[in-house]
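At the far end of the sequence shown sits residue 250, using the UniProt record's numbering, and the numbering has no gaps. Beta carbons are placed, not taken as given, at the ideal position from N, Cα and C, and that holds for glycine. Owing to the predicted nature of the structure, the values given are computational and were not obtained by experimental measurement.
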Amino acid sequence: IWSESTGGMLLSDLIPGLLVVFLLAGLLLPLLVDFGLLEFCGTLMTRIMRPLFTLPGRASINCMASWLGDGTIGVMMTSKQYESGYYTKREAAVIGTTFTAVSITFSFIVLSNVRLGHLFLPFYATVTFAGMAAAVIMPRIPPLSRKPDTYSPGATPAEEEVIPTAWSPWRWGLRQAVGKARQHGGAGSFLRDGCRNIIDLWIGVIPIVMAIGTLAVAIAKFTPVFKWLGWPFVPLLQLLGIPEAEAASQ
Numbered sequence: 001i002w003s004e005s006t007g008g009m010l011l012s013d014l015i016p017g018l019l020v021v022f023l024l025a026g027l028l029l030p031l032l033v034d035f036g037l038l039e040f041c042g043t044l045m046t047r048i049m050r051p052l053f054t055l056p057g058r059a060s061i062n063c064m065a066s067w068l069g070d071g072t073i074g075v076m077m078t079s080k081q082y083e084s085g086y087y088t089k090r091e092a093a094v095i096g097t098t099f100t101a102v103s104i105t106f107s108f109i110v111l112s113n114v115r116l117g118h119l120f121l122p123f124y125a126t127v128t129f130a131g132m133a134a135a136v137i138m139p140r141i142p143p144l145s146r147k148p149d150t151y152s153p154g155a156t157p158a159e160e161e162v163i164p165t166a167w168s169p170w171r172w173g174l175r176q177a178v179g180k181a182r183q184h185g186g187a188g189s190f191l192r193d194g195c196r197n198i199i200d201l202w203i204g205v206i207p208i209v210m211a212i213g214t215l216a217v218a219i220a221k222f223t224p225v226f227k228w229l230g231w232p233f234v235p236l237l238q239l240l241g242i243p244e245a246e247a248a249s250q
């Protein structure tokens, strides 16, 4: 567990970086949710997000936060929005499973570590295309399609993202955003919410990452489990002409 190739590696190489990322993410998260950005972008994007992904327009910000920041930011945003009555249980499940993408920075770090940094653009373009296709298909089939459209217990459901006929999407979105920003409690509320987010991430996520990560690395290093799981994919990878198909399947 504490070996330099299992838990020790995670503790020294991964966890310090996550602590810094969660510190910044938790502190800056209120800037995304409390000052009208979701309302503004939600109004502009609702005509795209609802028919394509069966989601409110504000879900587009979850995706952007995951891509440019960290997947944990997207998950935390979704949780906060669900608890506040902006998302139903089905919408939160769809966003958490299909719109919480791996961040650009983390993907680049992983590719650089395996000496494939020169292939980053085609790699991430493929990930983005596959993710968008999955985001269109998965909400329409079980189990996501069977999730109830009910709100969090005790939450007041938010108003539908409907644009009045006398308003343009831009003007209505700006009006909604300004109204949301005016409701904020100031610097004290910003710092209080940010510190609460940081503690939630550090206590709720770091132990899980450490436990599951150590178990997965130990299984990969000391058992042939991943080799067994990869066997069914070897013929497919060979058919596609992937070099070292057996190693790639693991």
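Report yes if the CB atom of Ser249 is closer than 8 Å to the CB atom of Trp231, and no otherwise.
-> Within the sequence shown, numbered from 1, the residue matching residue 249 stands at position 249. Within the sequence shown, numbered from 1, the residue matching residue 231 stands at position 231. Yes, the pair counts as a contact, with Cβ atoms nearer than the cut-off.
Relative to the C-alpha of Ile141, which residue among Arg47, Thr98, Ala155 is closest?
-> Sequence index remark: in the sequence shown, residue 141 carries index 141 (1-based). The candidate whose alpha carbon is nearest that of Ile141 is Thr98.
Measure the alpha-carbon distance for Ser107 versus Thr165 and round it to whole angstroms.
-> For the purposes of this step, residue 107 is identified with residue 107 of the sequence shown, where counting begins at 1. For the purposes of this step, residue 165 is identified with residue 165 of the sequence shown, where counting begins at 1. So the two alpha carbons sit approximately 43 Å from each other.
Measure the C-alpha to C-alpha separation of Ser145 and Gly186 and round it to an integer number of angstroms.
-> Position 145 of the sequence shown, counted from the start, is the residue given in the question as residue 145. Position 186 of the sequence shown, counted from the start, is the residue given in the question as residue 186. Cα-Cα distance, rounded: 40 Å.
Determine the DSSP secondary structure at Arg182, reduced to helix, strand or coil.
-> Residue 182 sits at position 182 when you count from the first residue of the sequence shown. Helix at Arg182.
So Val205 packs on Thr100, CB below 8 Å; how close in whole Å?
-> Here residue 205 refers to the residue found at position 205 of the sequence shown. Here residue 100 refers to the residue found at position 100 of the sequence shown. That pair is no contact at about 13 Å.
Just checking, does the region 188 to 196 make contact with the region 30 to 38 on the three C-beta pairs under 8 Å criterion?
-> yes
DSSP on Thr126, reduced to helix/strand/coil?
-> As a position in the sequence shown, residue 126 is number 126, starting the count at 1. DSSP places Thr126 in helix when its eight states are reduced to three.
Indicate the three-state DSSP secondary structure (helix, strand or coil) for Phe35 in the structure shown.
-> Residue numbering aside, residue 35 sits at position 35 when the sequence shown is read from its first letter. Phe35 falls in the coil class under three-state DSSP.
Would you decide whether Ile95 is buried or exposed? Buried here means 16 or more other CB atoms lie within 10 Å of its CB.
-> The residue labelled residue 95 in the question sits at position 95 within the sequence shown. Ile95 is buried by the Cβ-count criterion.
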